[in-house]
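J.: This structure is in structure tokens; I'll ask about it shortly.
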Amino acid sequence: MKFYKNLCQRLIGVMILFTSALSATAQINYDSLEISLLTCSPHQEIYSLYGHTAIRCQDKATGEDLVVNYGMFDFNQPYFVLRFVFGLTDYSMGISSFNDFIRAYRYYKSSVTQQQLNLTAHEKASIMQAIAENARPENLVYRYNYFYDNCTTRARDMLTNHLDGEVRYTQPIDSAATFRSMMHSCVEEHPWARFGNDLLLGLQADRPTTRSDQQFLPAHLQNDFSHAVIVSGDSTRQLIKSESVIEPGGIQVVEEEFPVRPSTCAWIILVVTIVIIFLEFILRRNFWIYDLLLMLCCGLAGIVLTLMIFSQHPTVRINLQILLFNPILLFLTYSVVKKSIQKRLHWWWSTWAVLLVLFLIFGVIFQHYAEGMNILALSLLIRYISRAPLFKRLAAFRV
């Protein structure tokens, strides 16, 4: 989604919005005012892979043309990424001129679609008054939530909550769509971005979503608005008066990512595991360093998933991938490796094997895992079997 990285730009935009919107009721001829929903297609910056939504307020009598934007933040805030992951990021409402807004998306070769709303003068006044109230310093900042309270849902609520009637959507929705599946549709060309999302998203990201849930994505809101009506008493009118592409966009170059997919990396780990077991069998050697590396990597990843329990994002709190990436590994690494050097089986291997089996079963029933996680779990199970006493006895009788 489109965000503002520069704090100075944000402050200037906020001041313009505050002074303009606060006096809107006194200066605007609402017959000449047009309010539109702007939907911007994604570009290749990681923060914009899901598109963006904004509100255009155009006074054709005075020539004033502004864009209201709920996606403003300062990327240079201390611990920004950490705060974002834990749901502690504050965003704000701000403004830019329409020309500056379009110029930015033209630079990124993103298209911009305008849906002009079919509003009465009273509804336009209500929306502008709400914007003015939102522009007060005490109301500018809000606690951002990617799925439930973002720049798209804020724009939707600003428009639909100030109409003289009820908005009814006539377009059917995919009732089986989940937050995870909708995110997948946006990052098909970015496997590692998808992997990162899937690693952090937990059980709640795989539940069926409502129409309101699905409107967190700009493209979904745009589609719903196209087929929506305003019902007031016995009268019904279309929500959208006209729809047009005001910036066609262009051909975007997909940024190069790490050339190996996550699943390929997982297959490599599986092959390496089998090769190490084979060498141990043939050479009668004990490659305990490999066990150490596995436990450290899985344990460190487990710390991240454990910390997610305390996140303000409800979709990351319960994550079954913690059965694979378990922070307990870090506390047991010394004792497990010590037993391994002594060619003895630590009790944790059996416990971990049970957790891995549960991990694979739950992945079929409850949660979709990040790409390659099932292959990694299989690698660890094979490694456990190679450590089991029965396998050791068979190895002792080899020719």
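Each residue of the sequence shown is one higher than the one before, starting from 125 at the first, in my numbering. All C-beta atoms in this analysis are idealised placements derived from N, C-alpha and C, irrespective of residue type, glycine included.
ALA352 bridges to which residues according to DSSP?
T.: TYR293
J.: Let me know if SER474 comes out buried or exposed under the rule of 16 or more other beta-carbons within 10 Å of its beta-carbon.
T.: exposed
J.: Do the stretch 411-423 and the stretch 439-457 make contact, defined as three or more Cβ pairs closer than 8 Å?
T.: yes
J.: Give me the residue from ASP322, ASP337, PRO315, PRO261 with the minimum Cα distance to ASN269.
T.: ASP337
J.: Using a threshold of 8 Å, state whether the C-beta atoms of THR213 and LEU325 are closer than that.
T.: No. Outside cutoff.
J.: Can you tell me where the beta strand (DSSP E) with GLN240 in it begins and where it stops?
T.: 236-241
J.: Assign GLY374 to one of three DSSP states: helix, strand, or coil.
T.: coil
J.: When you compare only the Cα positions, how much space is there between SER235 and ILE400?
T.: 52 Å
J.: Do you know offhand how far ILE251's Cα is from ILE370's?
T.: 23 Å
J.: How many Å lie between GLY373 and TYR232 at the Cα?
T.: 8 Å
J.: Give the straight-line distance between the Cα atoms of CYS275 and ILE398, rounded to the nearest whole angstrom.
T.: If you take the alpha carbons of CYS275 and ILE398, they lie about 48 Å apart.
J.: If you compare alpha carbons, which of PRO342, THR294, TRP316 is closest to ILE179?
T.: Minimum Cα distance to ILE179 is reached at PRO342.
J.: Return the CA-CA distance between ARG511 and ILE446, expressed in angstroms with no decimal places.
T.: 22 Å
J.: The beta strand (DSSP E) that contains VAL585, what's its start and end?
T.: The structure shown does not extend to residue 585, since the chain is modelled only from 125 through 523, so no value can be given for it.
J.: What separation, rounded to the nearest whole angstrom, lies between the Cα atoms of GLY195 and LYS365?
T.: 26 Å
J.: According to DSSP, is VAL265 part of a helix, a strand, or is it coil?
T.: strand
J.: Is it buried or exposed for LYS463, if we count other Cβ within 10 angstroms and need 16 for buried?
T.: The residue in question, LYS463, is buried, as its Cβ has 16 or more Cβ neighbours within 10 Å.
J.: Considering only their Cβ atoms, is the gap separating ASP298 from HIS492 smaller than 8 Å?
T.: No.
J.: Could you tell me which uninterrupted alpha helix (DSSP H) segments, each at least 4 residues in length, are contained entirely in the stretch 359-430, listed from first to last along the chain?
T.: 386-407
J.: Got a sec? Which residues, its chain only, sit under 6 Å from ARG385 by beta carbon, not counting five neighbours each side?
T.: PRO315
J.: Check whether the Cβ atoms of THR360 and THR333 sit closer than 8 Å, and answer yes or no.
T.: no
J.: Just the Cα atoms here: how many angstroms apart are VAL355 and THR284?
T.: 12 Å
J.: Do VAL353 and LEU363 have their C-beta atoms closer together than 8 Å?
T.: yes
J.: Would you kindly work out how many angstroms separate the C-alpha atoms of SER503 and ASP330, rounded to a whole number?
T.: 25 Å
J.: Going by beta carbon distance, what residues of the same chain come within less than 8 Å of ILE506, once the five residues before and after it are set aside?
T.: LEU394, THR397, ILE398, ILE401
J.: Can you tell me whether DSSP reads ALA145 as helix, strand or coil?
T.: Since pLDDT at ALA145 reaches only 48, below the 50 mark, its modelled position is unreliable, and no value is offered.
J.: Taking just the CA atoms, how far does ASP273 sit from MET432?
T.: 19 Å
J.: Taking only the alpha-carbon atoms, compute the straight-line gap between ARG292 and GLY187 and give it to the nearest angstrom.
T.: 32 Å
J.: What first and last residue would you give for the beta strand (DSSP E) that runs through ALA279?
T.: If you look at ALA279, you'll find it isn't in any beta strand (DSSP E); it sits in the alpha helix (DSSP H) that goes 275-284.
J.: Determine whether the Cβ of ALA249 lies closer than 8 Å to any Cβ atom of chain C.
T.: Looking at the structure shown, chain C is missing, and only one protein chain is on hand.
J.: In chain order, which beta strand (DSSP E) runs of at least 3 residues are fully inside the stretch 426-482?
T.: none
J.: ARG409: which of THR457, VAL192, GLU367, LYS467 sits nearest, CA to CA?
T.: LYS467
J.: In terms of DSSP beta bridges, what is GLY218 paired with?
T.: ASN193
J.: The beta strand (DSSP E) with ILE179 in it runs from where to where?
T.: 176-183
J.: Where does SER160 fall in DSSP's three states?
T.: SER160 carries a strand assignment under DSSP once its states are collapsed to helix, strand and coil.
J.: For the alpha helix (DSSP H) containing GLN338, name the first residue and the last one.
T.: 335-338
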